[in-house]
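A short write-up of the structure that comes next.
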Amino acid sequence: MNPLLRDWDTPYNTPPFQLIEVSHFKPAIEESIKTASEEITGIAENDQPADFENTIAALDRSATRLGDISSVLFNLNSAETTRELQEAARDVSPLLARFSNDITLNEKLFARVKYIYETRNSSGLTTEQIMLVEKNYRNFILGGAGLDEEKKKRFRQISEELSRLGVRFEENILEETNTFELHITDINDITGVPEGALEMAAMEAKKRNREGWVFTLHLPSYIPFMQYCDNRSLREEMYKAYASRAFHGNSNDNRELVREIVNLRLELSGILGSANYAELILGDRMADTTAKVVAFLNDIHNASRTAALRDMDDMRKYAAGNGFRGELQRWDWAYYSEKLRMAKFDIDDEVLKPYFVLGNAEQAIFRLATTLYGITFRENSSVPVYNEEVKVWEVLDSDGTLLALLYTDYFPRAGKNSGAWMTSFREQRRENGVEIRPLISIVANFTRPTETKPSLITFNELTTFLHEFGHALHGMLTKCNYESLSGTSVARDFVELPSQFMENYAYEKEWLSAWALHYLTGERIPDTIIEKIKESSAFNEGYACNRQLGFGFLDMAWHTITAPVPGDITSFESAAIQSTELLPQVEGTNISASFAHIFSGGYAAGYYGYKWAEVLDADAFQYFREKGIFNTGTAASFRKNILEKGGTDKPMKLYVRFRSREPEINAFLDRSGLKDPPSPTSFRSVQA
Ligand SMILES: [Zn+2]
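Residues in the sequence shown are numbered from -13 upward in steps of one, following the working numbering.
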């Protein structure tokens, strides 16, 4: 019999990886969809009047086996995939999509959910239950439930059209990215480009049967070229090619797609009863109205304007001092920025890595969690794993009870996606009063050990580790009743608070110097290096912040239209970002045409979230800094009010309970060096 469908007879009922074969997935998922559908029908057809327990809680408890099996499949597909596994994932994806559509379009079920939603404030529900009702209701509404037949038909047309346009938008960018190449035959044309980038370019040329070097618009090729190539006119050529992708008037042009997408999104929000698309999307966010988002972007913009102009000025002076004449252009920025950074700070990963042994970092991060929250980590090698490199840790609370299992999977392999992420094989929930603890996993691509060296990680890898560990804490410490609200199931602009919060420790001398020892000499990381890490983190932040705000404004502009955009997208874009432009506009380039985040990547009306999360984590960490960064009282409050609570209450309420006030932007401005010069008043207001 299919081991996925049997009871998992393993320690802590973990997935029985040793028994699972790819061929088990599809039949197991088909079988559990059948069971889950029967559960859903049972809930919808219940002849008892609808109430929270028999409808909303029942929905939350349904399809758990399906969820568990899908988690195993999709987690493996990211961390340990094969062609067969990819095929299995592709095969079952439409089945899962149909199952979820069948739920939202079940009218009897929606009628029950709607009744409970409308009476939620007068039926004696807890806050957590009300949150779950609202979340369910919103899912149904966004899925088109409750529309009359004609609107439902149009809704489905638009949804399908939008997903088709999103795919095409992305394909066009990819096509344009792939089409361009810069072919160099004389090494003297590309002085300054570092060895590693040259090597890659030579390999690229070989792949294309060319002599010399080929540079492309893919970021690993494009970025070092723009940072280091001394040849200004080649940088100009590369920049113009990059910034004009999908804007050439050919068959890959995205101009018309941008208009179609935003106009259809507008129509869709109208059908669902919202004034514009941003309002529809922001409904359950921490920044839950367009007015709040725009005010937030404006606040940061006003506060960081001086720093942005200062960065510009520094760069102009530096460039002039190094022989540059004329006006700085966009293709000069990365180049002089990199030079100035080196001149000012002169630290790079080669200096830092010997102090960052992965094993030491791991234990230091675990100890940090012990210090803050009293939790401990104990390896358990009897839990089945999907690759022998994966380790499993029992995570115990201070009283010895089990909080979670933590899987750690650190190194790159064929079959693993790039990047790093936190995920889960099971989420926390309570089943008839029985506590089900979560199975959390951290997957990364850290530098491998070699025959002569342990794994030595870069500073960026260290902050990545802390980041994913922060998500993991959110998943492991959670104490909720319902799976759909537990752990990291929170508003999108709130979910990066626990993760980015942890990154702050990477800049703290008190933490770093306790464990960062040179792998050969055992020498402690010098204070001068720690100071440089800290200073360099704020380098150029004024300019970078300004640029990101431009994207945020553009995103909001496209998604707050209240009438279809008729004509040219260029003038629309210019008007939206005008206030953030620091360098001269370049004819023939366009941001929107290749702005995949918002037109095909799920960040529509959400780009502001990057800065929002930074403000939150800086404000939260500032509180720790005031009381001591290892203060257990502050940590206990962070745990109780945020890390344990998942999505059981509105994020702003959770935050205020921890911080005793709403978040303020001061700590973020300070950390990023955006206050210039720091005036006595600004220090007073931070301490107040
Ligand atoms: Zn994250």
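Each residue gets a CB set at the ideal place from its N, CA and C atoms; glycine is no exception.
Is it buried or exposed for residue i, if we count other Cβ within 10 angstroms and need 16 for buried?
| i | result |
| --- | --- |
| proline 550 | exposed |
| serine 384 | exposed |
| arginine 98 | buried |
| glycine 419 | exposed |
| glutamine 673 | Only weak support is given to the placement of glutamine 673: the predicted model assigns it a pLDDT of 30, under 50, and the value that follows is read from those uncertain coordinates. Under this definition glutamine 673 is an exposed residue. |
| lysine 339 | buried |
| methionine 488 | buried |
| serine 472 | buried |
| glutamate 573 | exposed |
| alanine 261 | exposed |
| proline 664 | In this prediction, proline 664 has a pLDDT of 44, which is less than 50 and means its spatial position is unreliable; what the coordinates show is noted afterwards. By the 10 Å Cβ count, proline 664 comes out exposed. |
| leucine 81 | exposed |
| valine 381 | buried |
| isoleucine 675 | Given that the chain is displayed from residue -13 to residue 674, the structure contains no residue 675 and the question cannot be resolved. |
| proline -3 | exposed |
| glycine 312 | exposed |
| asparagine 195 | exposed |
| glycine 386 | exposed |
| alanine 561 | exposed |
| arginine 670 | Any reading at arginine 670 is ruled out, since the residue's pLDDT is 29, under 50, leaving its predicted position unreliable. |
| methionine 189 | exposed |
| glutamate 104 | exposed |
| serine 658 | buried |
| methionine 224 | buried |
| valine 119 | buried |
| serine 404 | exposed |
When you measure from the CB of residue i to every non-hydrogen atom of ligand 1, does any distance come out below 8 Å?
| i | result |
| --- | --- |
| serine 676 | What the structure shows of the chain is the stretch from -13 to 674, and residue 676 is not part of that stretch, so it cannot be assessed. |
Tell me which residue opens and which closes the beta strand (DSSP E) that residue i is part of.
| i | result |
| --- | --- |
| arginine 412 | 407 to 412 |
| valine 58 | Per DSSP, valine 58 belongs to no beta strand (DSSP E); it is in the alpha helix (DSSP H), 50 to 65. |
| glutamate 365 | 362 to 365 |
| lysine 377 | 377 to 382 |
Start and end of the alpha helix (DSSP H) containing residue i?
| i | result |
| --- | --- |
| valine 343 | Looking at the DSSP string, valine 343 is not in any alpha helix (DSSP H), and its letter there is neither H nor E. |
| valine 371 | Looking at the DSSP string, valine 371 is not in any alpha helix (DSSP H), and its letter there is neither H nor E. |
| methionine 298 | 276 to 307 |
| isoleucine 267 | 263 to 268 |
| lysine 631 | Careful: lysine 631 lies outside any alpha helix (DSSP H) and carries neither H nor E. |
| threonine 618 | 618 to 624 |
| proline 649 | Where proline 649 is concerned, there is no enclosing alpha helix (DSSP H), given that its DSSP letter is neither H nor E. |
| valine 78 | 69 to 90 |
| leucine 326 | 316 to 331 |
| glycine 595 | 595 to 613 |
| serine 557 | 555 to 563 |
| glycine 28 | 11 to 31 |
| phenylalanine 585 | 582 to 585 |
| valine 337 | 335 to 338 |
| leucine 660 | No alpha helix (DSSP H) holds leucine 660; DSSP gives it neither H nor E. |
| leucine 45 | 44 to 47 |
In chain order, what are the residue ranges of uninterrupted beta strand (DSSP E) at least 3 long that sit wholly in the stretch 171 to 250? Taken in chain order, the complete beta strand (DSSP E) segments of 3 residues or longer contained in the stretch 171 to 250 are 199 to 201.
Every unbroken alpha helix (DSSP H) within the stretch 386 to 471, with a cutoff of 4 residues, ordered by chain: Within the stretch 386 to 471, the complete alpha helix (DSSP H) runs of at least 4 residues fall at 445 to 462.
Considering only heavy atoms of ligand 1 and the C-beta of each residue, which residues fall inside 6 Å, strictly closer? Residues flagged by the Cβ proximity filter: His453, His457, Glu482 and Ser485.
Complete runs of the alpha helix (DSSP H) confined to the stretch 480 to 552 [at least 4 residues]: As far as the stretch 480 to 552 is concerned, its whole alpha helix (DSSP H) runs of at least 4 residues are 483 to 489, 495 to 501, 513 to 523 and 527 to 545.
Quick one: which unbroken beta strand (DSSP E) runs of 3-plus residues sit fully inside the stretch 101 to 179? Chain order, please. Here the runs fully enclosed are 168 to 170.
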